[in-house]
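Here is the structure we will look at.
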Amino acid sequence: MIKVLIADDQELIRQSLQIVLNSKQDIEVSDVAANGQEVIQCIRKNKPDIILMDIRMPKMDGVQCTKIIKENYPQIKIIILTTFDDDEYVFNALKYGASGYLLKGVSMDELSDAIRTVYSGRAMINPDIAAKVLRLFSQMAQTNYTIPVEEKDIRQLTKTEWRIIAQVEKGASNKEIADTLSLSEGTIRNYLSTILNKLNLRDRTQLAIWAVQTNAHKNMTEE
């Protein structure tokens, strides 16, 4: 059973999400919260697997809350619920380790699938904001925000791993990477896990930002 905490300052949205998600056999809403401070309090009592995090909330917004949670409870996965005009918020949520980014208004089936995807350790980005997220990656690459990776760890990467990193840099999904490299999705997932371990990175988001910053596609062609 996947335990989900819903964080949104609108009571109607909290109640609606709770009713729908509780109807799924493999999902249970463990708590609801109206702001970031309540989220922290809920976590201390009953740690969820996934948090559906509204960005714009009073007292403590979803970005600051994400930062605190990932620093203290890194195993908890966070899906940001966003809108098209939340660029700055999404930018910062990416920095702090959110695993998913969905537009408010997605269907309940899409939301349920996203929860399962993130719970399994993968990232989930709504196709409608994927281009925006890639643009944010590029912005990050040109700012002082950097992902530190040891040179000795980089030297451990194989040619195939560089090819996969280059695809992550482009924003390709596991299926797209598998099709490009003529490998199975399971093999790609295993490679990604190995790459993260080699580079001591937390998740695919950090890998994507690092790939943009280091021009992974250029490194691959120089191999």
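What the sequence shown shows, in full-length UniProt numbering, is residues 1 to 223, in sequence order. Beta carbons: idealized from backbone N, C-alpha and C, even for Gly.
If you check the beta carbons only, do residue i and residue j fall under 7 angstroms apart?
i, j, result
"aspartate 26", "asparagine 46", "no"
"threonine 83", "lysine 67", "no"
"isoleucine 76", "methionine 53", "no"
"isoleucine 188", "isoleucine 195", "no"
"residue 225", "serine 112", "Nothing in the structure corresponds to residue 225, since the chain is present only between 1 and 223."
"leucine 207", "valine 168", "yes"
"valine 106", "tyrosine 89", "no"
"valine 4", "valine 29", "yes"
"valine 149", "leucine 199", "yes"
"aspartate 49", "isoleucine 13", "no"
"leucine 94", "threonine 205", "yes"
Taking residue i as the reference, give the member of the options with the closest Cα.
i, options, result
"glycine 97", "Lys175, Met124, Asp109, Ser112", "Met124"
"leucine 17", "Arg155, Val39, Leu157, Asp109", "Asp109"
"isoleucine 69", "Gln41, Ile209, Val90, Asn174", "Gln41"
"lysine 170", "Leu183, Thr214, Ile147", "Thr214"
"glutamate 151", "Ile50, Trp210, Gly186", "Trp210"
"asparagine 174", "Gly121, Ile2, Asp9, Leu5", "Gly121"
"tyrosine 101", "Asn197, Asp153, Tyr73, Ile51", "Ile51"
Name the one or two DSSP bridge partners that residue i has.
i, result
"tyrosine 101", "Ile80, Ile125"
"leucine 181", "None, per the DSSP bridge assignment."
"isoleucine 2", "Ile27"
"alanine 7", "Ala33, Met53"
Does DSSP put residue i in a helix, in a strand, or in coil?
i, result
"serine 30", "strand"
"threonine 221", "With a pLDDT of only 47 at threonine 221, under 50, the local geometry of the prediction cannot be trusted, and the value read off the model is given with reservation. Looking at threonine 221 - three-state DSSP - the assignment turns out to be helix."
"aspartate 54", "strand"
"isoleucine 13", "helix"
"serine 107", "coil"
"leucine 21", "helix"
"serine 173", "coil"
"valine 90", "helix"
"asparagine 215", "coil"
"asparagine 72", "helix"
"serine 112", "helix"
"serine 120", "coil"
"glutamate 151", "helix"
"glutamine 206", "helix"
"glutamine 156", "coil"
"leucine 192", "helix"
"lysine 47", "coil"
Between residue i and the ligand PLP, is there a pair consisting of the residue's CB and a ligand heavy atom that are separated by less than 6 angstroms?
i, result
"alanine 211", "Looking at this structure, you won't find the ligand PLP or any other ligand, since it has none at all."
Please decide whether residue i counts as near chain C, where near means a Cβ-Cβ distance under 7 angstroms.
i, result
"lysine 170", "No chain C appears in the structure shown, which is made up of a single protein chain."
Tell me, please, whether the segment 56-69 touches the segment 30-37 by the rule of three or more beta-carbon pairs shorter than 8 angstroms.
Touching, yes.
Taking 8 angstroms as the cut-off, does the segment 153-172 touch the segment 117-124 (at least 3 CB pairs, one atom from each stretch)?
no
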